[in-house]
Amino acid sequence: MSAATKLLLENLNALAAGLFLLTAFGIVAMRQARACLNLFIAQSLLLAASAALLGLRYDSGHLYGVALVNLVSKPIIVPWLLRKTSSAEIYTRREIDQVLNIPTALLIALALAIGAYFVGIPLANAVGPQFRGPNVPIGIAVLLLGAFTLTVRREALSLLIGLLVMENGAFLAGISIARDLGMLVELAIATDGLVIVFIMGVLVRAVEKQIGSTAIGALASLKETAPASGTDEAPR
Amino acid sequence: MSVVVIMLLPLAAALLVCIPFGKRWLAGVTVVACAAELALVVRLALQVVAGHAPGELLDAAWSKWIAVDGLSALILVLIALVGTTAAIFSVGYMAQSNLQPKKLRLYHANYNLFIFSMLVIPVLAEPTAIWIVVELTTLCSALLVSFDNTRDALEAAWKYVVLSLMGAGVALFGFLVLFAAMHAGGGGTYTWAGLVAAAPRMPPVLMQTAFLLILIGLGTKVGLVPMHTWLPDAHSQAPSPVCALLSGIETTSILYVILRLFPVMQAVRGAHAETWALVLGLISVGTAAFLLLQVKDYKRLFAFSTVEHMGIILAAIGLGAPAADYGAMQQIVSHSVTKSFCFFAAGAALLATGTREIAAVRGLIRRSPLTGAALIFGGLAITGAPPLAVFLSEFTILKAGLAQGQYLATGLLAAFIVIAFFGVMAHLNRMVFGVSANAEAQQSHAVPHAAAAFRLPFSCRLAMILAALPVLVLGVYVPKPLHDLLTLAAAALTR
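Sequence lines, in order, name chains L and P. Position 32 of the first sequence, counting from 1, maps to 952 under the working numbering, and the rest follow consecutively. Position 144 of the second sequence, counting from 1, maps to 145 under the working numbering, and the rest follow consecutively.
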């Protein structure tokens, strides 16, 4: 492989990683559940692209595997499983009462991304010069953005997507620094998305039946200050 | 018998309960499978103590995936022990709420799968594989937490799942960084043993990052304090036998994964892994001790006590003395057996009174003498009253701390333990011996139903007796094989 091709692949990977970060910002800003899901699918495709490009660049078969598993599990199986486990109505929801308004949320997200850059660069350098690249800082940034989405959202689907975004960030950073880990990373990616979607989907359906909506934020009775609840229910 | 077969037994039980043979079949399969598992695991532990590892552990092809040492054997025995007593307790407990057969089958299938997922953790040698199994424990237990399907149970399960999975995301990155550190240090096999061997060559920055990420990520599932908020909810809303599993052994088996990092971190100069453990442990113990004072729900009381005990174990490891490591291992054992007993007693009280509210229960000893006595015994046992199991282990830890010269940390630990003792006992004392505001009125009118004694199902009584035995015995006498196992386990925490 010529030096020019290598450089091209690295630049393409940087482009994919940059767009990956952009989708995470989009998820922070979007209030429509459907739009969040689409952005998440785009993000997973970019993760697969990054894995494939790095695989080509470093001639690593396992990274092709990571790309393939990502292509199959996240854009196809995750939405399918969501439709299976919870009702279609969840897609059309829009968050009305927001904890933070969109500009504030974006500003905080920006601060998190800049912070992640300063954490990620020394970390990538410590692994070795060949690991320098955008993947580690961007992966950490997206991990933090996912956690941030989780803390400010109240709608079930956006919370679920926040979790999946966190894992995507961890994987984007992981594939660049731990690319020889082998089959287990593929297995982890495959189980992870499915575990999250399956269990959350089942819970969302139960919550919907119980309280008639998927606004998880409304569930807040378990506290020390409130009188203990459950007194009028059957003992179990 | 092969380790793999031992692991597959609960999985087989989970498949067997899917055959629709009726309620007796469900309970029978779960109890028999757990008891058989306990026997096999004890045999394995004895083999480990005697130095005879089963054949495949010596086989090089398996050693990349499976490894059993003293520490793993100890955790395995505890999982099987609490799994068995909780399975027996489930029989009578679940029969009290007339469930649909389908729902009961779901309970037993999930129960066995949950036991399976926990048993696999200490046996695996590959950190990434363990991460996948930790995800599976969340998957298998979430539906048990939300089992009652009430608004509160769903809220608890939701918090449990979201926070556990958030933690898992952070821990995943930690495990990948750990692998990168190993790779940067010249490579080797990515197993616990391989990591310990490769540790001196690994870059300290990466190892510290990995350690902190894993400590925070998995610490969420253990219930360490800044990340503990889900624990009192999940550990109080689940059905009581499940609470015994969650509090008694799930927390410990996740803590086990964190403990595995300590021998690795000791190779790094100035890594301060012990200091992190000590500080985080003390914060957990202190916060839990004060939060205990203001709870309104007696199952939450025991849940906060779990946060306290996880803190004690981590702080004991943080003291950094071999004697304290031994004490921490002893504490893991005494916490598991005692906490499972406490949740059985709490479950019995819930059956007897129908409420979880502390203020609504007064004079339990008159209504149901056995339940009241069990609750007081559980409270005394879990807060470390002599001569019970927790007292002995906490005493060992404090003694080791003083011998080590860590007066401040040991003093704080002792003070928090004492505060927790009074917090728990004040609540339980009022519940069991207290006189309710309208009790005199009731006595003067001689209301018949107030005097009607509550009878606990036989299986519940049996489970409580079985769970109480080790609490009593381990306070005064540690059998030789257990002592050897604890010594081996403590040795696994240092290089």
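From the three backbone atoms N, C-alpha and C, an ideal C-beta is built for every residue, glycine too.
- Classified as exposed, residue 926 of chain L has fewer than 16 neighbouring CB atoms from the shown chains inside 10 Å of its CB.
- Neighbours of residue 193 of chain P in chain L, taken as residues at a C-beta separation under 7 Å, are lacking, since the least C-beta distance is about 15 Å.
- Put simply, the backbone Cα of residue 1067 of chain L is about 18 Å away from that of residue 176 of chain P.
- DSSP places residue 165 of chain P in the uninterrupted alpha helix (DSSP H) bounded by 152-185.
- Relative to residue 1064 of chain L, the option among L/947, L/1011, L/921 whose CA is nearest is L/947.
- Three or more Cβ pairs drawn from the segment 124-139 of chain P and the segment 1107-1114 of chain L lie within less than 8 Å of each other, which places the two stretches in contact.
- At a cut-off of 8 Å between beta-carbon atoms, residue 167 of chain P makes contact with chain L.
- Residue 44 of chain P has its alpha-carbon roughly 11 Å from the corresponding atom of residue 51 of chain P.
- Taking 8 Å as the threshold, the shortest C-beta distance from residue 122 of chain P to chain L does not fall below it.
- Closest by C-alpha distance to residue 299 of chain P, out of P/430, P/262, P/185, is P/430.
- Only those residues of the segment 1095-1106 of chain L whose C-beta falls short of 8 Å from the nearest C-beta of chain P are listed: 1097, 1098, 1100, 1101, 1104, 1105.
- Between the alpha carbons of residue 77 of chain P and residue 937 of chain L lies a gap of roughly 43 Å.
- Distance from the CA of residue 1140 of chain L to the CA of residue 81 of chain P, rounded to the nearest whole angstrom, comes to 35 Å.
- In terms of beta-carbon proximity, residue 380 of chain P stays away from the interface with chain L, with every pair separated by 8 Å or more.
- Under a criterion of Cβ atoms nearer than 7 Å, the residues of chain L adjacent to residue 133 of chain P are, in order, 1107, 1108, 1111.
- Looking from the CA of residue 316 of chain P, the closest CA among P/409, P/342, P/170, P/302 belongs to P/409.
- Proximity of chain P to residue 1116 of chain L at the Cβ level (cut-off 7 Å) is accounted for by 166, in chain order.
- In the DSSP assignment, residue 370 of chain P falls within the unbroken alpha helix (DSSP H) covering 370-383.
- Within 8 Å of the CB of residue 1130 of chain L, the CB atoms of chain P belong to 150, 151, 152, 155, in sequence order along the chain.
- Comparing C-alpha distances from residue 360 of chain P to each of P/421, P/433, P/398, P/378 shows the shortest one belongs to P/433.
- The beta carbons of residue 1004 of chain L and residue 964 of chain L sit about 18 Å from each other, so the pair does not count as a contact at 8 Å.
- Using a CB distance below 8 Å, no part of the segment 62-77 of chain P faces chain L.
- A Cβ of chain L is located within less than 8 Å of the beta carbon of residue 147 of chain P.
- For residue 998 of chain L, the CB contacts under 6 Å within the same chain, skipping 5 residues up- and downstream, are 1113, 1117 in chain order.
- From the beta-carbon of residue 159 of chain P, the residues of chain L found nearer than 8 Å are 1123, 1127, 1136, 1139.
- For the pair residue 214 of chain P and residue 354 of chain P, the Cα-to-Cα distance works out to about 44 Å.
- Residue 164 of chain P and residue 231 of chain P have their C-alpha atoms roughly 7 Å apart.
- Legend: CB atoms of the segment 198-231 of chain P lying less than 7 Å from CB atoms of chain L belong to residues 204, 206, 207, 210.
- With respect to chain L, the C-beta atom of residue 234 of chain P has a partner C-beta closer than 8 Å.
- Within the segment 1067-1107 of chain L, the alpha helix (DSSP H) runs of at least 4 residues that lie entirely inside it are, in chain order, 1076-1097.
- Counting other Cβ atoms within 10 Å of its Cβ, residue 1103 of chain L stays below 16 and is therefore classed as exposed.
- Around the Cβ of residue 222 of chain P, a 10 Å sphere holds 16 or more other Cβ atoms; the residue is buried.
- Counting C-beta pairs with one atom in each stretch, the segment 182-197 of chain P and the segment 241-256 of chain P have fewer than three that are closer than 8 Å, which means they do not touch.
- Contact annotation for residue 484 of chain P against chain L: no contact, minimum CB-CB distance about 37 Å [criterion: below 8 Å].
- Non-local C-beta neighbours of residue 255 of chain P in its own chain, meaning closer than 7 Å and more than five positions away in sequence, comprise 135, 219, 222, 223, ordered along the chain.
- A distance below 8 Å separates the beta carbons of residue 113 of chain P and residue 31 of chain P.
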